[in-house]
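Visitor: Chains as they are written, first to last, in our numbering: chain A, 93 to 336; chain B, 403 to 719. Ideal Cβ positions, reconstructed from N, Cα and C, are used throughout, including at glycine.
#1: Check whether the segment 190 to 203 of chain A touches the segment 219 to 228 of chain A, counting contact only when three or more Cβ pairs, one atom from each stretch, lie closer than 8 Å.
#2: Would you list the one or two residues that DSSP bridges to residue 114 of chain A?
#3: Count the other C-beta atoms from every protein chain shown that fall within 10 angstroms of the C-beta of residue 295 of chain A, then say buried if there are 16 or more, exposed otherwise.
#4: Rounding to the nearest angstrom, what Cα-Cα distance links residue 102 of chain A and residue 418 of chain B in this structure?
#5: Would you call the segment 648 to 656 of chain B and the segment 175 to 193 of chain A touching, i.e. three or more CB-CB distances under 8 Å?
#6: Can you find a CB in chain B that lies within less than 8 Å of the CB of residue 209 of chain A?
#7: Out of A:238, A:242 and A:150, point me to the one whose CA is closest to residue 633 of chain B's CA.
#8: How is residue 93 of chain A classed by DSSP in three states: helix, strand or coil?
#9: Is it right to say residue 201 of chain A is buried, meaning 16 or more other beta carbons lie within 10 angstroms of its own, or is it exposed?
#10: Verify the contact flag: residue 187 of chain A, CB atom, against every heavy atom of the ligand SAH, threshold strictly below 7 Å.
#11: For residue 170 of chain A and chain B, any beta-carbon pair shorter than 8 Å?
#12: Using a C-beta to C-beta distance shorter than 9 Å, which residues of chain B count as neighbours of residue 143 of chain A?
#13: How about the segment 492 to 501 of chain B and the segment 581 to 590 of chain B: do they share at least three Cβ pairs that are nearer than 8 Å?
#14: Answer with yes or no whether the minimum CB distance from residue 639 of chain B to chain A is below 8 Å.
#15: Could you give the first and the last residue of the continuous beta strand (DSSP E) run that contains residue 307 of chain A?
#16: Going along the segment 419 to 437 of chain B in order, which residues come within less than 8 Å of chain A, judged by CB to CB distance?
#17: When the Cα of residue 480 of chain B is compared with those of B:582, B:517 and B:508, which residue comes out closest?
#18: In terms of alpha-carbon separation, which member of B:711, B:717 and B:474 lies closest to residue 612 of chain B?
#19: Look up residue 288 of chain A in the DSSP assignment and say whether it is helix, strand or coil.
#20: Could you please give the first and the last residue of the uninterrupted beta strand (DSSP E) stretch that includes residue 700 of chain B?
#21: In chain order, which continuous runs of the alpha helix (DSSP H) of length 4 or greater are located wholly inside the segment 462 to 513 of chain B?
#22: Do residue 463 of chain B and residue 700 of chain B come within 8 Å of each other at the CB atom, strictly closer than that value?
#23: Please state the DSSP three-state secondary structure of residue 90 of chain A.
#24: Under 8 Å between C-beta atoms, does residue 632 of chain B make it to chain A?
#25: Could you confirm whether any beta carbon from chain B is found closer than 8 Å to the beta carbon of residue 174 of chain A?
#26: Give the range of the alpha helix (DSSP H) segment to which residue 661 of chain B is assigned.
#27: Which residues bound the beta strand (DSSP E) around residue 157 of chain A?
#28: In whole angstroms, what separates the C-alpha of residue 96 of chain A from that of residue 655 of chain B?
#29: For the putative contact between residue 635 of chain B and residue 174 of chain A, defined by C-beta atoms under 8 Å, what is the C-beta separation to the nearest angstrom?
#30: Taking the Cβ atom as the reference point for each residue, do residue 678 of chain B and residue 684 of chain B lie within a distance shorter than 8 Å?
#31: Nearest to residue 698 of chain B by alpha carbon, out of B:416, B:457, B:552 and B:425?
#32: Comparing C-alpha positions only, which one of B:624, B:616 and B:520 sits nearest to residue 452 of chain B?
#33: With DSSP as the reference, label residue 145 of chain A as helix, strand or coil.
#34: Starting from the Cα of residue 516 of chain B, find the closest Cα among B:446, B:434 and B:484 and give me that residue.
#35: Can you find a CB in chain B that lies within less than 8 Å of the CB of residue 146 of chain A?
#36: Could you pull out every residue in the same chain whose Cβ sits closer than 8 Å to the Cβ of residue 94 of chain A, ignoring the five residues on either side in sequence?
Here it is in structure tokens:
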């Protein structure tokens, strides 16, 4: 089954976000298409996290419009935010797993909070499937503190993906990981994008951005200074300075 | 590496779906809350302890207030009873005439004749008076017309009305004591005001301490609230378990305080039935049981309400 109209999954229209008098984002307009894997780069304080939080409606824009899968996130009431969140998977640098739940329960939790029609047994089955998909099928009964950072991040990816969201946003998903594990996580995220989920990754990891050659959005002091399309990037000396 | 894919399954039948939804809701709200409650007993313990103590104090204060209210009614009833002392040797006709006048007075509820013998018998049940009776060869206690006055404010005029009657003892015409009633009223009013003020302060402290304790417990789990919201949990799903946990805390604190209130009251009743009844009239087994139940219900309300208020602070707006 194909969508009747191919529309952007995420669309920013003249978005400005200010914290007091400081502009975190300044007049950003762009769109992300289904199945895109896009990197969001820029130095600390450039507005990357603010950008992601606007998609997830953790923040509202001061000005402009944010559309996510046809939902007006900029004007969404608090009581409707949960509906939006179920269309947006989120992966954090610090994983944000519930410490008192096992890996399987953490993943199932992501599924069941959105849909009470799913039985416990089915949720656990699907959570196990998702854990197997991220290579952790044998660690379902482990608690987060019994898992390495890379394993916890995989659980977080499985939790984010189990609801089959239209968008997955990842805020420094490899920030706490060694390079080898970081590549494993990125491979997972690439895999997610091939199934049609739009993936947006905020990162400082120049090596990953350079080698994957995907679309790159560069923020500096809240402004979108570069929108580099995927492939054929060539030399990217600018990237190192933009990400430092 | 395995690939993430879409899982397609047949929809459940409607009845099975309803069962699943109800089961999940119940499991999530109640079983989940109970499990979290036990897991977080360390952070909940201060709230549980302070709630128990405050609820116990509130229960005892409430029962004390109830007893004072009853005591006031008893005292008021006694204060509005006027003993009109009959002159020794007064003719029956005069006594009857006085009785008729008083009974016909619209300010009077009823009139009862107490003979000298009955007065003596009554005096013997009052501490100190039997010695006076035994010190005399004759019965020193006069006969009286006990006049129940409808309004305490009419006591003075009724006393003035009978003072000059020929059937009445001219030396000690009645039990009317102008200052006594005012003193009683002043004392009872003072106790009532102090009691209400104490209850108000206690209620304020109970609510403040409980909310702060519960807030601290929830604050220590703010990451959990944040994560739940970030993965798309609806607001009721975030709030619900915390409210149920609060209700569990409140119920346990209320049960402990209610049982202690009931136990203390019953201990007081059984330790000195007569004394207890005189100083705390109306406090019975039933009243103590009801007080215990009210304390329990207050605990549940206080716990769940505090949780509701506290968790709201961590919800996104």
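Guide: On the basis of the coordinates in this document:
#1: yes
#2: A:111
#3: buried
#4: 37 Å
#5: no
#6: yes
#7: A:150
#8: Caution applies to residue 93 of chain A, whose pLDDT of 46 falls short of 50 and renders its modelled position unreliable; the model cannot decide the point.
#9: buried
#10: For the structure depicted, the ligand SAH is absent and the ligand set is empty, with no information on it obtainable.
#11: yes
#12: None at all; the shortest Cβ gap to chain B is about 16 Å.
#13: no
#14: yes
#15: 307 to 312
#16: 419, 422, 423, 425, 426, 427, 429 and 430
#17: B:582
#18: B:711
#19: coil
#20: Residue 700 of chain B -> not in any beta strand (DSSP E); alpha helix (DSSP H) instead, spanning 687 to 714.
#21: 494 to 506
#22: no
#23: Since the first residue shown for chain A is 93 and the last is 336, residue 90 of chain A is missing from the structure and cannot be characterised.
#24: yes
#25: yes
#26: 637 to 673
#27: 155 to 160
#28: Low local confidence applies: a pLDDT of 48 at residue 96 of chain A is under 50, so the model's placement there is unreliable, with the coordinate-based value given in what follows. Approximately 59 Å between the Cα atoms of the pair.
#29: 6 Å
#30: no
#31: B:457
#32: B:616
#33: helix
#34: B:484
#35: no
#36: Below a pLDDT of 50, predicted positions are generally treated as unreliable, and residue 94 of chain A, at 46, falls in that range; the measurement from the model is reported next regardless. Same-chain partners within the cutoff: there are none.
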